[in-house]
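Protein chains in written order, with the numbering used here: chain A, 426 to 855; chain B, 426 to 855; chain C, 426 to 855.
Beta carbons are placed, not taken as given, at the ideal position from N, Cα and C, and that holds for glycine.
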């Protein structure tokens, strides 16, 4: 099993994944999931072309061997091998010669970042095209151009990867990341790397919740997953979409559509402790797969963690989003944040004070100094808070927020009180 | 039918209404309603003197022909024909001679604005008197004064005007304005003019709601209307009291007693778009007929729209509130605001997303570009918001507020989605 | 009966109580309650040693005659008669000689205030010791010291004092103050004095509520009271813990655990009117007997009024908290605040408007001027507010806050309207 423990491990995996031409179906996607499978026991699920997923249908499977654009002088001006963004993703096969004026309808540049090749797709309407830098476009001379796109669009299947780490309870936490973007490092090689490393770390730990990791193509992949799992969605207590976790920006948490789910308290709390520059933004219906998971028919308690946000950095969806944009250190810090979120979710329990009438005597249980008159130390204050608030309502995180004491103190106090027989956990779990 | 479409039309109606001596009963009130009847098909309702309206009783009808105050030298120092404010409104008939010292008990000046004639009434206790400028009071010489007030207080009736514009539903919106003030231009010739013009404009338009316009004397007139309509008050979904709409001040919206009625969201939203200087104030139990409509036994969802507020401008309730205080432009802008409020009430629908599990495919319905990778345009964002939020809870206005997108974009998106079969309206209407 | 009416009376009582060596049981506590009994008819309740009070047990009764520490030269370096803080409260009897090195384990100083004798206790573990200034500690020469503590720990009882002032209703307001601290002036001779004076003042007044005053040892005394009164706790509508009321700091109100009890509105309102520097702080589970009263198994609507807060002043729990820290004026002002709180609790009624449909005619009842046209005076506005809001929900204090009119105007308006037959009180009281 390939280890994903160090920052260098994370970056090495990113370097390995970056060059692959992924899409919402096809060989690149499967190869990506197989590489992840060397680090975590990922199960691959195939959904055949033509399968209905709510309002959508799984399209034909797309594969591509090579693509060239050859100018009137016979020079290759675009070669798919140089950069897989240079072909419109899901381009149908074509072998043709056409004059520059007609070719131009098939050429895409980025108006925002003319120096980079833009990332363009056409999954649901048959089309072909090339993407290129504006300067390269301007150098194209008039005349007839040769187009060769050796791709295929045929009945096949859409692939997603899934890993379930069972816990003491069948109640679930789901972690999503999209797996369909080709050579774009931050969006979303970074998400694949961090989600895999998180799963590997968590696999060796005791778990209260069952944790489900899903690596799926955006939109249609997540819709397939929702379709395949619809009867069991009621098991999900918390969820998080991961993406854009390798750049240098501080973290941004985007709230679930509900806005008041537990995850909407937990993640902001964890991030605030790790980085005061981290931000929390409201839900909006654009972005990654929270679009599907938080659609009104599902309305799952799923938030999203990124560094930069979608469309929030200069290199977004262009060849500028390359390996130089991300770093092992940044991936590693994001992994740390995710681990802290896991610990907060696992640790954020609710307890019931078993001696609720008056303060129980902590002194006779050795939890309080026997000499009175001085003010309690911070750990004793944490115990008083936990005892006072544990009436079945507030969670430990709620108590941490109300008291102003840090989560770890509150959690330790709860454990000490539970060991002393003064608290019982309210699981609310199957 | 007299048109009330242009600013000049509005001002012309104000000029025509201003000189009439209105009161809570009598010929001036009826004449006013008949003049409005030339623009809108107003129905006049008469409630006989002595009728009980909750804690109140319709008083005897008051009419006045003329009134004079003649000084010891035989000179007419006050003539009702010069200004109808100069007689205490509801003065009983009197023909008498009395010395200045005793007369003074019957003379009213404005301590706040000594240069203007104050507006004073005595509807519910028999009384008579004159109102005058302080400088005129000071010039009165000692001696015997002749008083002639040719008025009558006799069994008759109280008149109010009503117009119902039926809509697709029997659910109602009520628009109130008081009709009892004599020669006071802003308070409330302006309200009569704007409410009439609004009704005329709305009469020609399709309506989802039924709209009811009431032109009634303050307090007792509104109480008569409430008494006559009590069994049907449950039909009212929204209401607005109009007044003080012709001066130059920015608009003020006063919330309903409930404070969280739909009208309390709708009007502030509309005003904010029209004038950033517009204000919103909390309900208080003083003012115009919101006092009655929002009394705890009715507690109707009725707010109030004015420019200046009652008692909030120098000329309030004095002869200074004349035609120079108002303008056709200001009346016209207030009419525009009222029209926008009507459109917002009519347009603020609730929809249900018919494809709520996941985002429906907008692309296959031609509502989304087929080339992916770029960020959605604002209209596409509006569609995503409407789809995501339309679970039966939020109205379009709620969605506009949550998304930060303007109401018209949200409304257009909803219509496009409804046409595509993705939304159905939830009327909640009979 | 000793009067507690003037500031001088209050200070005289404080001077009399200060020297007594109180504890959670014993003669000093009983003597204290007997002295208070000269001003108010206090009933003393004894709970035997060994009685279980929830998680606690009443300890053996402690009494002390004398205590000395004699140095190697035969000089008395500590004498209990000089300051009762100099003996660890609840020290067991001891007669022994031991070298300085072993003695030091039994000597307590204040690290925070080395110039003062700290206040230390050991109620629940047998122990003995002395408390002293750091400078005195440093002067102790090596050698053998003679220790004589003439105390006793024997089966006896815990004493608390209680006074019930019955009101028209059996619904109760409880006032708590702790009675166990020895020579500490602000904490809590001040509380004993103010609570007694408040009870004396209130004994002569008509009361809607029944008022219960409890003078009890901290923690165990309050737990005994709770144990003895558990079946009747449901009668308590409001409660207040008093303490630290004699120093010069502005008042601090600490909210009940509920945070939204009526008392949490009433006290802040009263304090704001008396002193703009007064503060309101959230509940926390440390402090005085609100710890027990607001434990989750009781969760009583009890707040706390102090000037400085526990642990919030330099002299806290040390010999620096002596009579120079408090003043008759400060005690008197605190008494005034407590009186105002009593009046607000007694006066904060809820009414029902008996003429809720429309505004009732105030004019025909002589409550409104008969000449219309001018704005209502403030008393008339208060009547309009009370009528508009009295639908069974808001209390007079709620109406005062919503209207911005002062509580006394609102209360007077309610009385005038009740006299006019327009309001009826909703007691909600047995």
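Got a sec, what are the start and stop residues for the alpha helix (DSSP H) residue i sits in?
i              : result
residue 619(A) : 615-628
residue 561(C) : 559-563
residue 516(C) : It is not in any alpha helix (DSSP H) - residue 516(C) carries neither H nor E in the DSSP assignment.
residue 638(B) : That residue, residue 638(B), is in no alpha helix (DSSP H); its beta strand (DSSP E) goes 635-641.
residue 723(B) : From DSSP, residue 723(B) is part of no alpha helix (DSSP H); its letter is neither H nor E.
residue 822(A) : 821-828
residue 647(C) : 645-654
Residues of chain A with CB closer than 8 Å to the CB of residue i, please, in chain order.
i              : result
residue 831(B) : By Cβ distance, chain A contributes nothing, its closest Cβ being about 16 Å from residue 831(B), past 8 Å.
Determine the extent of the beta strand (DSSP E) in which residue i is found, giving its start and end residues.
i              : result
residue 850(C) : 848-851
residue 483(B) : Note, residue 483(B): premise wrong, no beta strand (DSSP E); not H, not E.
residue 667(A) : 661-667
residue 795(A) : Per DSSP, residue 795(A) belongs to no beta strand (DSSP E) and is neither H nor E.
residue 470(B) : 468-473
residue 603(A) : 597-603
residue 577(B) : 569-579
residue 775(C) : 775-778
For residue i, which residues of its own chain have a beta-carbon under 6 Å away from its beta-carbon, when the five flanking residues on both sides are left out?
i              : result
residue 493(A) : 501, 504, 573
residue 671(B) : 611, 615, 751, 755, 756
residue 469(B) : 458, 584, 586
residue 564(B) : none
residue 836(A) : 772, 821
residue 461(B) : 467, 621
Which residues in the same chain as residue i place their Cβ atom closer than 7 Å to its Cβ, once the five residues preceding and following it in sequence are excluded?
i              : result
residue 693(A) : 678, 705
residue 808(C) : 787, 792, 838, 841, 842
residue 723(B) : 651, 658
residue 743(B) : 535, 538, 541, 542, 543, 544
residue 851(B) : 775, 776, 777, 817
Quick one: which chain B residues come within Cβ less than 7 Å of residue i?
i              : result
residue 548(A) : 797
Could you check if residue i belongs to the surroundings of the ligand NAD, using beta carbon to heavy atom distance under 7 Å?
i              : result
residue 835(B) : In the structure on display, the ligand NAD does not appear, and there are no ligands present to speak of.
Quick one: which chain C residues come within Cβ less than 7 Å of residue i?
i              : result
residue 816(A) : 721
Mind listing the chain C neighbours of residue i? Cutoff is C-beta to C-beta under 8 Å, in chain order.
i              : result
residue 682(B) : 813
residue 651(B) : 782, 783
Can you list the residues of chain C that residue i reaches, using a CB-CB cut of under 9 Å?
i              : result
residue 778(A) : 720, 721, 722
residue 543(B) : 798, 799
residue 648(B) : 782, 783, 784
Going along the chain, which residues of its own chain have a beta-carbon closer than 8 Å to the beta-carbon of residue i, five neighbours each way excluded?
i              : result
residue 716(B) : 644, 710
residue 566(B) : 496, 497, 498, 525
Note down, in chain order, every chain B residue with its Cβ under 8 Å from the Cβ of residue i.
i              : result
residue 789(C) : 549
residue 575(A) : Per Cβ cutoff of 8 Å: no residues; residue 575(A) is ~22 Å from chain B at best.
residue 685(A) : Going along chain B, no residue has its Cβ under 8 Å from residue 685(A), so there is no contact; the nearest lies around 14 Å.
residue 552(A) : 795, 796
Since residue i and residue j should fall inside the 8 Å C-beta cutoff, what is the C-beta to C-beta distance between them, to a whole number of angstroms?
i              : j              : result
residue 571(B) : residue 489(B) : Rounded, the Cβ-Cβ distance is 17 Å, inconsistent with contact.
residue 726(B) : residue 662(B) : 7 Å
residue 589(B) : residue 635(B) : 6 Å
residue 796(C) : residue 628(C) : Wrong, their Cβ atoms sit about 48 Å apart, outside the cutoff.
TODO: Select from the segment 473-488 of chain B all residues with a C-beta closer than 8 Å to any C-beta belonging to chain C, and list them in chain order.
DONE: Of all residues in the segment 473-488 of chain B, the ones placed with a Cβ closer than 8 Å to any Cβ belonging to chain C are 478, 479, 480, 481, in chain order.
**Report entry** Members of the segment 708-719 of chain B that neighbour chain C once the beta carbon cut-off is set at 8 Å
**Finding:** 709, 710, 711, 716, 717, 719
Exercise for review: Could you list the residues in the segment 799-813 of chain B with a C-beta less than 8 Å from some C-beta on chain A, going in chain order?
Suggested key: 799, 800, 801, 806, 809, 810, 812, 813
Exercise. Going along the segment 735-746 of chain B in order, which residues come within less than 7 Å of chain C, judged by CB to CB distance?
Worked result: 736, 742
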